[in-house]
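For reference, the structure is listed below as structure tokens.
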Amino acid sequence: MSVAVVTDSTAYLPDTGGLTVVPLHVVVGDRELPEVPGLSSAELSRMLRDRRVPVTTSRPAPERFAEAYRRLLDGGATGVVSVHLSARLSGTVEAAQLAAAPFGDAVRVIDSRSAGMATGFAALAAAACADLDEAVKAAQTTVERTTSLFYVDTLDFLRRGGRIGAASALVGTALSVKPILRIADGAIVVRDKVRTAGRALARLADLTVEAAGDGDADLALHHLAAPERAAELLTRVAERVGTRLRARHCTEIGAVVGAHLGPGAICAVIHRR
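Numbered per UniProt numbering, the sequence shown spans residues 1 to 273.
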């Protein structure tokens, strides 16, 4: 082993493939659980719809990252690349940076400026490299070449979790519009507005195809309690991108991101190769 890669549970990798995953936590009432294994998506959806029990999230303690870094370096890694969800959405990057400081240049922390497989694609790019500087550059390049778009049935969960950012202007009109959001420079902003969920899915497909560009691309879809929407979106995008669509993944959102998006959410992450 030369370069080791650490990421967090919000990358929602379909297969960790030897990467080290440090879990964030979901807080349900007075219980704090690691996201992996933690709550199932079905349990999370039920609790979010019930609303009687508060559901929040928390970052990993720096000690968890420090333990992972030390174990990997003691195990023979010449360096560690640690790739995590946006610092503007979570304190996870800060926790990783605090843990990395005593290790000097042996541990490099990368802010994916996004979440889900936008983090995952960057982590996988780093894992394909044998040299530490090369791995850092590969992760950073992947971050720049990745677009994250998503639709939510309601902005209420984002508002309650304090993650709504520039989209907050839509709260008062949430009943009359269905927003399509994107993550821009690590923050959630409005990309488009439509009137119905059906039109939102069609528009999300258009924007995903647009984000793929004219070359080869990888696609990851995430959803919470909306497998039919995810399957339909995958079909629409695959038909239009054709053979240029290389890797494709479809997974259910975990509890940490799901707690902020709510049931019915669907996310599209495009990485341009």
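A virtual CB, placed ideally from N, CA and C, is assigned to each residue, including glycine. It should be emphasised that the depicted structure is a prediction, and the values quoted were computed from it without experimental measurement.
{"Asked": "Residues of its chain near A265, where Cβ-Cβ distance is below 6 Å and the 5 sequence neighbours each way are ignored", "Found": "V152 and L224"}
{"Asked": "Identity of the residue in A128, G215, M117 and V177 nearest A197 by Cα", "Found": "V177"}
{"Asked": "Extent of the continuous beta strand (DSSP E) run through T7", "Found": "V3 to D8"}
{"Asked": "Own chain, CB closer than 6 Å to A4, minus 5 neighbours either side, in chain order", "Found": "L72, A77 and V80"}
{"Asked": "Outcome for E67 when other beta-carbon atoms lying within 10 angstroms are tallied against a minimum of 16", "Found": "exposed"}
{"Asked": "Bridge partners - S148, DSSP secondary structure assignment", "Found": "V269"}
{"Asked": "Straight-line Cα distance separating R203 from L234", "Found": "13 Å"}
{"Asked": "Between the CA atoms of T147 and A255 - distance to the nearest angstrom", "Found": "22 Å"}
{"Asked": "Simplified DSSP state of E35, which is helix, strand or coil", "Found": "coil"}
{"Asked": "Residue nearest to A230 in terms of C-alpha spacing, selected from T251, G213 and D216", "Found": "T251"}
{"Asked": "Distance between beta carbons of L221 and A184, contact taken as under 8 Å", "Found": "Actually they do not touch by this definition, with Cβ atoms about 20 Å apart."}
{"Asked": "Neighbour-count burial assignment, D74, 16 or more Cβ in a 10 Å radius", "Found": "exposed"}
{"Asked": "For L155, the three-state DSSP class (helix, strand or coil)", "Found": "coil"}
{"Asked": "Backbone CA spacing between L149 and L98 [nearest angstrom]", "Found": "30 Å"}
{"Asked": "Whole beta strand (DSSP E) elements within the stretch 204–265, 3-residue minimum", "Found": "217–223 and 245–252"}
{"Asked": "Exposed unless 16 or more other CB atoms sit within 10 angstroms - verdict on P263", "Found": "buried"}
{"Asked": "Close beta carbons around P23, own chain, < 6 Å, minus the five adjacent residues each side", "Found": "S9, P34, E35 and V36"}
{"Asked": "Three-way DSSP call (helix, strand, coil) for L72 in this model", "Found": "helix"}
{"Asked": "Alpha carbon of A106 to alpha carbon of S86, nearest angstrom", "Found": "22 Å"}
{"Asked": "Span separating the alpha-carbon of A217 from that of L201", "Found": "20 Å"}
{"Asked": "Other residues of its chain near E32: CB distance less than 8 Å, five sequence neighbours each side excluded", "Found": "H25, V26 and S58"}
{"Asked": "Cα-Cα separation, V136 to T208", "Found": "26 Å"}
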